[in-house]
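Note that UniProt numbering has the sequence shown beginning at 1, numbered continuously upward.
Below: one structure, written as structure tokens.
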Amino acid sequence: MNCTDAQRYCRENYSDLASIDNSADVTELLKIVTKSADYAVWIGLMETLRSEWKWSQGDPGHFLIFSSHADSSKGFVLVQQSMSWRNAQSFCRANHMDLSSVRSQSENQQIQQLINTGVWIGLFRDSWEWSDKSTSSFRNWAPTEPHSNENATVLVKSGSRTGQWEDWPCNSQFTFVCQKGESMLGLACVK
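See below:
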């Protein structure tokens with residue numbers, strides 16, 4: 001069933017496609033979907049003609065999770081809820097993911113395509129290692145970065161530093177990108 005048919009079915013039965021307002025809703029949806037034989041389900045998040053994300057009931061998509069299947073070995077998930085680096089890491093881990101490890105220019109570009117603003121990634125100062133303990137020598141620091149007193153990494157979206165990394169204090173608030181392996185759930189009317 002395509003997204004339009006799914007929405008029509010829901011509305012004919014006095015309901016609508018699901019809206020997700022917080023991480024508890026995501027957890028509940030994942031419980032339901034993992035019991036199903038389907039790989040993906042439709043939810044009510046749709047992109048408008050002006051490239052804005054809105055729920056089918058018309059509400060703006062404040063709690064937005066978007067998945068990309070650009071790499072068959074892993075998926076990147078953008079969570080558009082601003083948090084500190086530690087809270088972002090905890091959110092990813094509570095949902096069986098981790099903050100993204102960016103191991104190549106190709107992965108850096110995949111994440112750039114998902115984001116509208118700077119986002120937390122999984123690199124943190126402890127000899128600059130990845131949150132998921134993976135190893136990679138790839139770094140994409142902006143000139144003059146990293147600074148000597150900041151602890152976590154933001155991938156920059158705008159200006160002359162687009163696609164480059166800056167270090168920021170862990171308690172700063174940014175949206176973030178988690179990553180998950182092959183079993184990643186496709187959300188946001190992507191099937």
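Cβ atoms here follow ideal geometry from the backbone N, Cα and C, with glycine treated the same way.
When the distance is taken between beta carbons, is residue j closer than 8 Å to residue i?
i: residue 120; j: residue 85; result: yes
i: residue 152; j: residue 178; result: no
i: residue 134; j: residue 99; result: no
i: residue 176; j: residue 114; result: no
i: residue 101; j: residue 122; result: yes
If we ignore side chains and look at the alpha-carbon of each, how far apart do residue i and residue j end up?
i: residue 139; j: residue 13; result: 52 Å
i: residue 156; j: residue 96; result: 25 Å
i: residue 160; j: residue 147; result: 18 Å
i: residue 129; j: residue 103; result: 12 Å
i: residue 31; j: residue 20; result: 14 Å
i: residue 15; j: residue 172; result: 39 Å
i: residue 72; j: residue 144; result: Because residue 72 sits at a pLDDT of 34, beneath the cut-off of 50, its placement in the model cannot be relied upon, and the point is left open.
i: residue 94; j: residue 27; result: 9 Å
i: residue 29; j: residue 116; result: 26 Å
i: residue 125; j: residue 109; result: 23 Å
i: residue 105; j: residue 111; result: 10 Å
i: residue 162; j: residue 90; result: 26 Å
Could you name the residues that DSSP lists as bridge partners for residue i?
i: residue 179; result: 76, 98
i: residue 119; result: 155, 175
i: residue 141; result: 165
i: residue 45; result: 55
i: residue 91; result: Its beta-bridge partners do not exist; DSSP assigns none.
i: residue 130; result: 123
i: residue 1; result: Paired residues: none, contrary to the question.
Between residue i and the rest of its own chain, which residues show a CB-CB distance below 7 Å, the 5 nearest in sequence each way excluded?
i: residue 174; result: 82, 118, 119, 120, 154
i: residue 17; result: 6, 7, 10, 42, 43, 44, 56
i: residue 141; result: 164, 165
i: residue 88; result: 99, 120, 176
i: residue 25; result: none
Excluding sequence positions up to five away, which residues of its chain have a Cβ less than 6 Å from the Cβ of residue i?
i: residue 150; result: 167, 168, 169
i: residue 127; result: none
i: residue 92; result: 98, 99, 178
For residue i, I'd like the list of residues in its chain whose CB is within less than 8 Å of its CB, leaving aside the five on either flank, ordered along the chain.
i: residue 1; result: 9, 42
Comparing the CB of residue i with every heavy atom of the ligand ADP, is any distance shorter than 7 Å?
i: residue 176; result: Inclusion of the ligand ADP in the displayed structure is not the case, the ligand content being empty and no account of it being possible.
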